[in-house]
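Inspection log for the structure reproduced underneath, given as structure tokens.
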Amino acid sequence: MNADVDRETEVARRAASHVEDRPTTVTEWIAAIRRAALDILLYPSIGMDPLTLQLGALRLAPVQAAAWGHPETTGLPTIDLYLSAQDFEPPDAREHYCEQLVRLPHCGVYIEPMRPNIAEPDLHSLGLPDDLPLLLCPGTTYKYSPFDDDLWVEIARQLRPRLFRRRVGGLLIFFRGRVPASDRLLETRLRAAFTRGSVEFDAHVRYVDHLERPRFFGLLRRSALMLDTLGFSGFNLAVQAMECDLPLLAYEGEFMRGRLASGVLRRLGLPELVAASKPEFIRKAVELALDDGRRAELRDAIRNRRGALFHDAAPVRALECELIDAVARSRRNGDVIGR
Numbered sequence: 212m213n214a215d216v217d218r219e220t221e222v223a224r225r226a227a228s229h230v231e232d233r234p235t236t237v238t239e240w241i242a243a244i245r246r247a248a249l250d251i252l253l254y255p256s257i258g259m260d261p262l263t264l265q266l267g268a269l270r271l272a273p274v275q276a277a278a279w280g281h282p283e284t285t286g287l288p289t290i291d292l293y294l295s296a297q298d299f300e301p302p303d304a305r306e307h308y309c310e311q312l313v314r315l316p317h318c319g320v321y322i323e324p325m326r327p328n329i330a331e332p333d334l335h336s337l338g339l340p341d342d343l344p345l346l347l348c349p350g351t352t353y354k355y356s357p358f359d360d361d362l363w364v365e366i367a368r369q370l371r372p373r374l375f376r377r378r379v380g381g382l383l384i385f386f387r388g389r390v391p392a393s394d395r396l397l398e399t400r401l402r403a404a405f406t407r408g409s410v411e412f413d414a415h416v417r418y419v420d421h422l423e424r425p426r427f428f429g430l431l432r433r434s435a436l437m438l439d440t441l442g443f444s445g446f447n448l449a450v451q452a453m454e455c456d457l458p459l460l461a462y463e464g465e466f467m468r469g470r471l472a473s474g475v476l477r478r479l480g481l482p483e484l485v486a487a488s489k490p491e492f493i494r495k496a497v498e499l500a501l502d503d504g505r506r507a508e509l510r511d512a513i514r515n516r517r518g519a520l521f522h523d524a525a526p527v528r529a530l531e532c533e534l535i536d537a538v539a540r541s542r543r544n545g546d547v548i549g550r
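212 is the number of the first residue of the sequence shown in the working numbering; add one for each residue after it.
Listed below in structure tokens is the structure:
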């Protein structure tokens, strides 16, 4: 609902029968939506943008739904359905939503592989060695909770040189984003945690500037392991790792927002790459970093199984049925869907 236009905007524009992009204020958007006389108003996310939150708090269509572009309940009594996925939700998931929870099949979305042109990265130009396992930590800065800082310290501690291991067993690679102040805050916080833990930060951690997609995918191909963010997982990164045959270690959280990467791995039948506790996450990260043979086996498994993620029409067909049923219920109940 902003003025930014990119390639995905144009794809959506060509696929839609009508695109409304002229309103600029909340009042104008309300008027445009009401003129459309919609049966269903579906928000890909509510909570990432103030405008969607303002509109979502109003009853502008008989059936209103939100999806997991922002991966948690909206908390709004005006949103009837929350569109999630079977592979992301714990057994008690309904308790986490004020909306009616809809678990679409598998990962809940139709995915096409990106297949970008892949550029082999010049590791030395990125300040990275070419003779050590690279453990990528590419999550958005705000997903790294201060409650987890000691976890990264402990992984580094266990990868330090020892009597029978003369060099560091792997480097943690973090990425700078588009908000320098957030990057500085995280790095300052991590440095302080490493100091408290008596582990040398610069010997175990590197920072890399934001990379365009071909070089980023090249680095994925070149790395040993990707480490998920705890509590607020990364779905797109998980899928990209699978497309590049890169083993990903995921932490399975209590809520859906912390189960996106683990859902991808469970979909591919790779539960050994899912950790249910911080000690297990640390142990598996270290074991995988030090075991070239096991990582090679996992790469083969990912390569052979990742097709299950792509071109899956089951969630689309299920969504069609859910929305048709919701409209029918709303009409029986007098224009507003009942729970």
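A virtual CB, placed ideally from N, CA and C, is assigned to each residue, including glycine.
C-beta atoms of residue i and residue j nearer than 8 Å
i, j, result
"cysteine 455", "leucine 422", "no"
"leucine 520", "methionine 437", "no"
"aspartate 461", "glycine 381", "Here residue 461 turns out to be alanine, not aspartate, going by the sequence shown. Against a cut-off of 8 Å, the Cβ pair of glycine 381 and alanine 461 comes out as no contact."
"leucine 534", "isoleucine 513", "no"
"glutamine 297", "isoleucine 493", "no"
"proline 425", "alanine 330", "yes"
"proline 210", "leucine 501", "Lying before the first or after the last residue shown, residue 210 is absent from the chain, which here runs from 212 to 550."
"tyrosine 418", "phenylalanine 385", "yes"
"alanine 277", "isoleucine 257", "yes"
"proline 255", "glycine 280", "yes"
"alanine 404", "valine 364", "yes"
"threonine 351", "glycine 408", "no"
"proline 332", "glycine 429", "yes"
Inter-residue spacing [alpha-carbon to alpha-carbon] between residue i and residue j
i, j, result
"aspartate 439", "alanine 472", "7 Å"
"glycine 445", "glutamate 491", "19 Å"
"leucine 346", "leucine 383", "5 Å"
"arginine 528", "tyrosine 308", "23 Å"
"isoleucine 251", "glycine 464", "31 Å"
"arginine 550", "isoleucine 366", "Because arginine 550 carries a pLDDT of 42, less than 50, the predicted location of this residue cannot be relied on, and the following value inherits that uncertainty. If you take the alpha carbons of arginine 550 and isoleucine 366, they lie about 46 Å apart."
"threonine 220", "arginine 314", "27 Å"
"proline 553", "phenylalanine 427", "Residue 553 is absent from the model: the chain starts at 212 and stops at 550."
"cysteine 348", "alanine 268", "36 Å"
"leucine 271", "isoleucine 244", "7 Å"
"glutamate 398", "serine 488", "24 Å"
"aspartate 523", "aspartate 215", "29 Å"
"asparagine 544", "glutamine 265", "25 Å"
"leucine 253", "glutamine 311", "14 Å"
"glycine 433", "asparagine 447", "The sequence given here places arginine at residue 433; glycine does not occur at that position. Cα-Cα distance, rounded: 19 Å."
"glutamine 275", "leucine 362", "40 Å"
"arginine 246", "proline 327", "41 Å"
"threonine 235", "leucine 249", "20 Å"
Outcome for residue i when other beta-carbon atoms lying within 10 angstroms are tallied against a minimum of 16
i, result
"tyrosine 293", "buried"
"aspartate 467", "This sequence places methionine at residue 467; aspartate is not what is there. With 16 or more Cβ atoms within 10 Å of its Cβ, methionine 467 is classed as buried."
"alanine 486", "buried"
"cysteine 532", "exposed"
"valine 222", "exposed"
"glutamine 451", "buried"
"valine 475", "buried"
"threonine 203", "Nothing about residue 203 can be read from this structure; the chain reaches only from 212 to 550."
"proline 482", "exposed"
"glutamate 300", "buried"
"aspartate 217", "exposed"
"serine 228", "exposed"
"arginine 305", "exposed"
"aspartate 420", "exposed"
"serine 336", "exposed"
Residue(s) in a DSSP beta bridge with residue i
i, result
"alanine 486", "Tyr462"
"methionine 437", "Leu347 and Leu459"
"proline 451", "Reading the sequence as shown, one finds glutamine at residue 451 and not proline. The partner list for glutamine 451 (beta bridge, DSSP) is empty, contrary to what the question assumes."
"isoleucine 329", "DSSP lists no partner for isoleucine 329."
"tyrosine 293", "Ala277 and Leu312"
"isoleucine 251", "Val274"
"isoleucine 241", "None; isoleucine 241 has no bridge partner."
"leucine 431", "Answer by DSSP bridge pairing: none, since leucine 431 is not bridged."
"valine 379", "Partner(s): none; valine 379 has no beta bridge."
"phenylalanine 385", "Cys348 and Tyr418"
Note to self: Pairs of beta-carbons, one from the region 538-546 and one from the region 330-342, closer than 8 Å: are there three or more?
What the structure shows: no
Next item on the list: Evaluate contact between the region 356-365 and the region 388-395, counting only Cβ atoms and requiring at least three cross-stretch pairs below 8 Å.
Entry: no
Note to self: Tell me whether the region 316-328 and the region 399-415 touch, counting them as touching only if at least three CB pairs, one residue from each stretch, are closer than 8 Å.
What the structure shows: no
Check: Are the region 261-276 and the region 500-518 touching by the rule of at least three beta carbon pairs closer than 8 Å?
Finding: The region 261-276 vs the region 500-518: no contact.
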